[in-house]
Every structure is written in C-alpha cells, then in structure tokens.
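Using my numbering, the letters of the sequence shown correspond one by one to residues 11 to 330.
For every residue, glycine included, the Cβ atom is placed at its ideal position computed from N, Cα and C.
This one's a predicted model, so the numbers in the text were calculated from it and none came from an experiment.
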Amino acid sequence: MVGIVYKSTGSWYHIKADNGKFYECRIKGKFRIKGIKSTNPIAVGDKVVFDIEKKGDEETGVIKTILDRDNFIVRKSVNLSKQTHIIAANIDQVFLLITINNPPTFTTFIDRFLVSTRAYRIDTVLVFNKIDSYEIEERAEIMYLKDIYTAIGYKCIEVSATQNINIDKVKYLMVGKTSMFVGHSGVGKSTLVNAIEPVLDLKTKEISDQHKQGQHTTTFAEMFDLSFNAKIIDTPGIKGFGVVDIDKYELGDYFPEFFALKQDCKFNNCLHLKEPHCAVKEALEDEKVSWSRYKSYLQIIEGEEETEHFRTDIWNEDDN
C-alpha cells in the first residue's frame with residue numbers, strides 16, 4: 011500500500027493510506043537514504059510503500075520503501091554536528107512565525123531558515139505574530155523587518171492569533187497546499203493553528219515568566235487535514251537552525267538580493283568578502299542591501315554558530 015506519514019514518534023509512524031485509512035507502521039532494519047546522514051530516515055510528509063501485517067484483529071504496517079521526495083527541510087541535529095534532522099518532507103510552503111519578544115526571533119535565525127528553504131525550493135511566508143501585544147518601538151521594528159524582507163520578495167503578514175487579526179489571509183494562502191508552521195517555542199504556533207482550525211484544539215502553554223522563553227508543547231512534527239482543503243504540519247519549537255551542506259560559492263545565490271547583483275561583481279566566483287569591485291559590498295555601503303542580512307551571510311560563510319546578539323545589529327551596523 012502507499013500512504014503519507016502524518017506523525018513520527020521515533021519508532022512508530024502514523025500513516026494515512028490512499029484508501030483514507032490510518033495505519034500504525036514501523037520499519038524493519040536500517041533505512042539508508044543516499045547522501046543523507048539523518049537521525050530520522052523517515053519524516054512527516056514522506057510518501058511510503060508499506061505492507062500490512064495482521065496479528066489477531068490488529069492490523070499494523072511495515073514500511074518497505076520511501077518514495078522520492080519533492081523537497082524537505084533539514085537542519086543540523088543538536089549535539090550531533092555530523093548528522094542532520096529532517097523536519098518534514100514534500101512541503102508546498104512554510105509559514106515562519108516571528109515574534110519581537112517573549113520570545114525574541116533574531117534576524118540570524120530568520121536568514122538561516124530562509125537560506126535553507128530557498129535552497130530546497132520551498133516558498134516561505136513570514137508571519138509576524140502577537141501584533142496586538144506590541145508597544146510603539148516594537149511596532150517600528152516590525153515595520154523595519156517587513157521593509158527588509160518585502161523588498162527582497164518575501165510575503166509578510168502581521169497576525170494576532172488571539173485577536174483573530176489576518177487569520178483569513180493565512181488561510182487563503184493555505185488552500186490546496188501542504189503548509190508547515192515553524193518558529194521558536196512560544197511564538198504561538200499552536201495558538202495560530204487553533205485559530206485557523208479550532209476543532210484541532212492543539213495544546214498551548216504560556217510563556218515562562220522566569221526566562222521569557224517559550225515552552226515546548228509540540229514534541230513531534232505532525233500533519234493534520236483541515237476542513238478547507240488544506241494540510242498543515244505543526245512542528246516542535248526550534249531553538250537554533252544550522253544550515254546544512256551549502257557550498258560557500260553558492261551561498262550568495264540563496265540571498266535573492268545578492269543573487270540579483272552577482273552579475274555586476276568583477277569576479278564570477280565573488281564571495282562578497284574582500285574582493286575588489288564587489289557589487290554587493292558597494293550596495294551595502296549605499297544602504298541598498300541590509301546590514302543585518304549581510305552579517306547573517308558572513309556568519310554562515312565563516313561557519314559560526316547562530317548567536318543572539320544580531321537583534322541589535324539591525325539598528326546599528328557597528329555593534330558587536
């Protein structure tokens with residue numbers, strides 16, 4: 011039988027078959043996917059072939075084959091630097107949830123995620139959540155960020171899941187597609203999903219007052235069928251995002267504003283670092299390219315881990 015993985019708990023997979031019935035399935039032996047050293051060989055969204063096994067009245071499945079993926083989202087595994095974790099596969103679009111505080115979403119995280127989705131040809135929408143809770147300065151920061159990302163071609167939506175602001179705009183973009191919701195713990199993913207489809211009633215938790223950090227409510231990625239001809243993949247909160255297997259000479263191609271200027275650089279293989287007559291550096295000096303975006307680029311190309319101080323850098327490019 012052929013089906014789609016709706017949930018993975020590590021040892022068992024909840025799979026919806028072509029006949030519309032759900033089966034609990036497992037894998038036998040070790041799965042190897044060519045070119046990928048992954049902690050999870052099978053991900054939510056994967057299309058798989060499986061056999062049915064009967065034990066008394068109970069029917070379970072054994073996964074035999076993973077069908078070719080259209081795309082997938084992958085990041086470095088925590089504490090396993092040489093391995094990767096596939097978050098989900100066969101995704102039409104991603105909604106990246108961003109909050110200015112409680113918890114803060116830093117530009118480094120945004121940019122790393124956008125590099126990965128662009129590398130794997132997945133459309134990404136930036137969703138600025140909790141807009142009903144911000145003061146004037148925080149509203150100004152949202153507008154600043156929206157200007158940066160709208161200018162380079164990303165769709166940006168301001169929403170409030172609790173006040174039902176612009177939920178209809180998100181739903182409109184989801185019709186007929188498989189969408190994944192991603193963000194730090196506490197940005198309001200589950201609350202937003204519940205606003206979009208209240209019958210799901212996903213668990214939510216308040217922000218921790220002690221550390222102003224989100225608390226994990228989703229422990230595994232899970233796909234849900236929605237009532238308006240859409241699928242959604244809800245994911246665990248992501249603390250950091252390690253970019254995987256992108257050659258330094260290709261990295262600039264995944265920054266659309268850099269790619270647009272590439273042909274004007276003196277050297278075809280310009281890394282936009284110290285090369286003479288670099289169109290990206292010239293645009294940076296002319297403030298036609300965002301300093302925060304360029305600093306994210308430098309951090310990735312130099313192999314640095316994601317840090318949190320880049321939030322202030324969008325206001326002052328001289329900060330360290």
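Legend entry - Pick from Val59, Leu77, Cys35, Asp257 that is closest to Val69, judged by C-alpha positions: It is Glu, not Val, that sits at residue 69 in the sequence shown. Nearest of Val59, Leu77, Cys35, Asp257 to Glu69, Cα basis: Cys35.
Inset, instruction - Starting from the N-terminal side, write out each stretch of the alpha helix (DSSP H) that is 4 residues or longer and does not extend beyond the stretch 174-202. - result: Entirely contained in the stretch 174-202, the alpha helix (DSSP H) runs reaching 4 residues are, in chain order, 177-184.
Legend entry - Three-state secondary structure (DSSP) of Tyr130: Coil, per DSSP.
Legend entry - Exposed unless 16 or more other CB atoms sit within 10 angstroms - verdict on Thr245: buried
Legend entry - Pair within 8 Å by beta-carbon distance, Lys26 and Ile14: yes
Inset, instruction - Rank Ala150, Val84, Tyr154 by C-alpha distance to the C-alpha of Asp255 and give the top, closest one. - result: Val84
Inset, instruction - Run the CB neighbour count on Phe277, radius 10 Å, all protein chains shown included, and call it buried at 16 or more, exposed below. - result: exposed
Inset, instruction - Please report the residue range of the alpha helix (DSSP H) in which Lys258 lies. - result: 258-261
Inset, instruction - State buried or exposed for Pro113, treating a residue as buried only when at least 16 other CB atoms are found within 10 Å of its CB. - result: buried
Legend entry - Collapsed DSSP secondary structure at Val72 in the structure displayed: In the three-state reduction of the DSSP assignment, Val72 falls in the strand class, which pools E and B.
Legend entry - Reduced DSSP category for Gly224 - H, G, I as helix; E, B as strand; rest coil: The predicted model places Gly224 with a pLDDT of 39, which falls under 50 and marks its position as unreliable, so this point remains unresolved.
Inset, instruction - Quick one: grab the DSSP three-state call for Val209. - result: Per DSSP, reduced to three states, the secondary structure at Val209 is helical.
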